[in-house]
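Residue numbers (my numbering), protein chains in the order written: chain A, 1 to 252; chain B, 1001 to 1252. In this text, a Cβ means the ideal position worked out from N, Cα and C, and glycines have one as well. Some notes on the structure that comes next.
Protein chains: 2
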Amino acid sequence: MLTEERHDHIRRKLAAEGKVVAAELALEFDISEDTVRRDLRELARVGECRRVYGGALSPAPDLGSIAQRQGALVESKLSLARVVAGLVAPEQTLFVDAGSTNLAIAQALPRDLAITVVTNAPAVATALADHPNCRTMVIGGQFNSDKGACLGSHALRDIQRVRADLLILGTCGVDPRVGVSALDAEEAEIKRAMVEQSRQLVVPATADKIGTTAPFDVADTSRIDHLVVTKDADAVTIDTFRALGVTVHVAP
Amino acid sequence: MLTEERHDHIRRKLAAEGKVVAAELALEFDISEDTVRRDLRELARVGECRRVYGGALSPAPDLGSIAQRQGALVESKLSLARVVAGLVAPEQTLFVDAGSTNLAIAQALPRDLAITVVTNAPAVATALADHPNCRTMVIGGQFNSDKGACLGSHALRDIQRVRADLLILGTCGVDPRVGVSALDAEEAEIKRAMVEQSRQLVVPATADKIGTTAPFDVADTSRIDHLVVTKDADAVTIDTFRALGVTVHVAP
DNA sequence: ACCTGACTTGCACGATATTGCGCGTTCTGA
DNA sequence: TCAGAACGCGCAATATCGTGCAAGTCAGGT
Chain A
1 MLTEERHDHI RRKLAAEGKV VAAELALEFD ISEDTVRRDL RELARVGECR RVYGGALSPA
61 PDLGSIAQRQ GALVESKLSL ARVVAGLVAP EQTLFVDAGS TNLAIAQALP RDLAITVVTN
121 APAVATALAD HPNCRTMVIG GQFNSDKGAC LGSHALRDIQ RVRADLLILG TCGVDPRVGV
181 SALDAEEAEI KRAMVEQSRQ LVVPATADKI GTTAPFDVAD TSRIDHLVVT KDADAVTIDT
241 FRALGVTVHV AP
Chain B
1001 MLTEERHDHI RRKLAAEGKV VAAELALEFD ISEDTVRRDL RELARVGECR RVYGGALSPA
1061 PDLGSIAQRQ GALVESKLSL ARVVAGLVAP EQTLFVDAGS TNLAIAQALP RDLAITVVTN
1121 APAVATALAD HPNCRTMVIG GQFNSDKGAC LGSHALRDIQ RVRADLLILG TCGVDPRVGV
1181 SALDAEEAEI KRAMVEQSRQ LVVPATADKI GTTAPFDVAD TSRIDHLVVT KDADAVTIDT
1241 FRALGVTVHV AP
């Protein structure tokens, strides 16, 4: 990883998200935080960012709605993302489902991690473009713009031809009694197919998803291997999951 | 291994990957790093790369701030995009190839145009998410992060199952004598398949692409229906295209 | 055949850049 | 106010760089 290459990457991330976190960059590039700070200092010296405690901000305060929206994501979803990234081992093959949380997870995967990602979300593929050791396979099909995912029979068939070590599932609702459920029949079918083809199931969920249900079943609670939740999730519900044998990770 | 041969190889690698590492090149060519550095110095002298500690980067790929690059895009590419959008009729099915120009075109398509878009570029699908009347079909397969496109046999097969009215082709080079050509063998094969399956061929090209050639043929000049160029394109070359029966549109 | 000069290459060596770590300081949130 | 996180600085280890130099290659001329 060349120094200038890191600078370029930081510049891009600043332009896209409006901010960068030093610890996160260190993880992403697999270098020490000292070096990250040096990079940020250098960029700040030429006016390409503003240094703040914990990282740096884009010099132009506001680039519009995208930066704001991403900022809101970064708070709760990025901490989920870091925990999920820790569950991924090198050389594994993983399904990454659609959804804004999963997009954040894809972005947070260590930049040099050597894995194979299979995804039906075009945005996830795009986000992984600067992960040089990540082989990305796109599941094609009818693109649903509400979900940001490829659905339909074509996608289903493609999924059924892949077997993955891990599935990172996008969730509409997750409840101890009914398991994972989805708002849409077709979406649910795609998700079920991915569950079917995966050895382990990881379910990242923000607090608002915990304890809620949706009409279409995706997977029983017993099928969940890892549930990753934010720290503001309901403690009682979490304990119920634990009692049912699910490994629950609480993101800080 | 001749010196110029090495230079060509480095140029190609820079174009494909955006960076080269001195130590890797030394290993690859089985020569000393000194010689590699001499090569990089020479290329940097004529502006074909930027030297950085550890290797070299593409001279001005997509660096700087994204805002800058988008600004530069908007100038020339948006005007291309508007012309191309005018060639699309409602209810048509079109292939949209990968490439930054095509991404700009997708974004510039009228927001409520009722069309079906088939694309092997995840970024194009994402860009079309807010076009409510646009049905989008994604071509899956092995994702090539340098091109931002899905390639490989899977993509090829998917393409061969679709017949489109129009193909908006991403170009590496377009020349009156050799037609459209691409930098990469596999990329060229995908493009040829799309040409094969399309009734009409639209080639948008910024001025720097006009009159240039790349190693792998995609389509003869006679196959081009519409060539859309920016107004700073070479007038003589444009006239040659017109003389060969190509409809040339000059974007204002 | 032999020489010559231009060019290329690898090596040695001193100079410079980058990186991670330790340590004391500063900042932030409870 | 206090603990912990983030920070800056200096240092030592390493990696990379530039330059000078000698050996090797090769085409062209004698």
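Interface annotation, MET1137 (chain B): in contact with chain A, CB-CB separation under 8 angstroms. Just so you know, the alpha carbons of ASN133 (chain A) and ARG111 (chain A) end up roughly 8 angstroms apart. A straight line joining the alpha-carbon of LEU1227 (chain B) with that of VAL1195 (chain B) spans about 14 angstroms.
In this chain, the beta strand (DSSP E) harbouring VAL228 (chain A) covers 226-230.
Around the C-beta of LYS1077 (chain B), 16 or more other C-beta atoms lie within 10 Å, and the residue is accordingly described as buried.
Residues of chain A with a Cβ closer than 7 angstroms to the Cβ of GLY1055 (chain B) are, in chain order, LEU2. In the three-state reduction of the DSSP assignment, GLY1086 (chain B) falls in the helix class, which pools H, G and I. At a cut-off of 8 angstroms between beta-carbon atoms, ASP1232 (chain B) makes no contact with chain A. Of all residues in the region 104-124 of chain A, those with a C-beta nearer than 7 angstroms to a C-beta of chain B are PRO122 and ALA123, reading in chain order. Here DSSP, grouped into helix, strand and coil, assigns PRO122 (chain A) to helix.
Here ALA207 (chain A) has THR230, ASP232 and ALA233 as same chain residues with Cβ atoms under 6 angstroms from its own Cβ, once five neighbours each way along the sequence are excluded. Within the same chain, Cβ atoms closer than 6 angstroms to the Cβ of THR1136 (chain B) are found at VAL1117, ALA1125 and LEU1128, the five residues on either side in sequence being excluded. Residue-level contact check: THR1221 (chain B) does not touch chain A, since none of the beta carbons of chain A fall below 8 angstroms from its beta carbon.
Taken in chain order, the members of the region 1003-1032 of chain B whose beta-carbon sits within less than 8 angstroms of a beta-carbon on chain A are LYS1019 and VAL1021. Shown here, HIS131 (chain A) sits in coil according to DSSP, grouped into three states, outside any helix or strand. Taking 8 angstroms as the threshold, the shortest C-beta distance from GLN1142 (chain B) to chain A falls below it. Note on LEU1027 (chain B): under 16 other CB atoms within 10 angstroms of its CB, so exposed under the neighbour-count rule.
Of all residues in the region 157-190 of chain A, those with a C-beta nearer than 8 angstroms to a C-beta of chain B are ASP158, reading in chain order. Looking at A:VAL218, A:GLU4, A:ALA98 and A:ILE105, the one whose alpha-carbon comes closest to that of VAL174 (chain A) is A:VAL218. ARG51 (chain A) and ARG41 (chain A) have their C-alpha atoms spaced approximately 7 angstroms apart. Distances from the alpha-carbon of HIS131 (chain A) to those of B:ARG1037, B:ASP1146, B:ILE1139 and B:ASP1130 put B:ASP1146 closest. Residue-level contact by beta carbon holds for SER145 (chain A) and chain B, with a gap shorter than 8 angstroms. The beta carbon of ALA1193 (chain B) sits no closer than 8 angstroms to any beta carbon of chain A. In the three-state scheme derived from DSSP, where H, G and I count as helix and E and B as strand, THR1171 (chain B) is classed as coil. Close CB contacts of PHE143 (chain A) within its chain, under the 6 angstroms cut and outside five residues either way in sequence, are with CYS150 (chain order). About 19 angstroms separates the CB atoms of GLY1047 (chain B) and ALA1022 (chain B); that is not less than 8 angstroms, and the two are not in contact. By the rule that beta-carbons nearer than 8 angstroms mark a contact, ALA129 (chain A) touches chain B. GLY148 (chain A) reaches chain B at THR1126 and ALA1129, counting residues in chain order whose Cβ is nearer than 8 angstroms. The three-state secondary structure of LYS1209 (chain B), taken from DSSP, is helix.
ALA1155 (chain B) places its beta carbon 8 angstroms or farther from that of ALA1182 (chain B).
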